[in-house]
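*Asks:*
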Amino acid sequence: LSEAVLEILSMDSETRVRSFIALHPDLTKDIMKRLKKDSDKGVRKKIKENVNYHKHFWW
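Start counting the sequence shown at -2; every next residue gets the next number (my numbering).
1) Thinking just about the alpha-carbon of each residue, which of Val14, Lys26, Arg31 is nearest to the one in Lys43?
2) Given a threshold of 16 other Cβ atoms within 10 Å of its Cβ, counted over all protein chains shown, does Thr12 qualify as buried or as exposed?
3) From Glu46 to Asp27, what does the alpha carbon distance come to, in whole angstroms?
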């Protein structure tokens, strides 16, 4: 994963995270699958918190 993508997803700005999820739902799913390490849990949590905002993009 590129550092830029991780940086965007770990930002405090909910709007930025939500915008990324909205624009890249498939990439977001892929990122969630890859972020399995303990060090990535913060990023996973941040994404999950915003997934509900974009339920129509998900399963």
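Beta carbons are placed, not taken as given, at the ideal position from N, Cα and C, and that holds for glycine.
Note that the structure is a prediction, hence the values are computed from the model and not measured.
*Replies:* So, from the data block:
1) Val14
2) exposed
3) Annotation: Glu46 to Asp27 spans about 16 Å, alpha carbon to alpha carbon.
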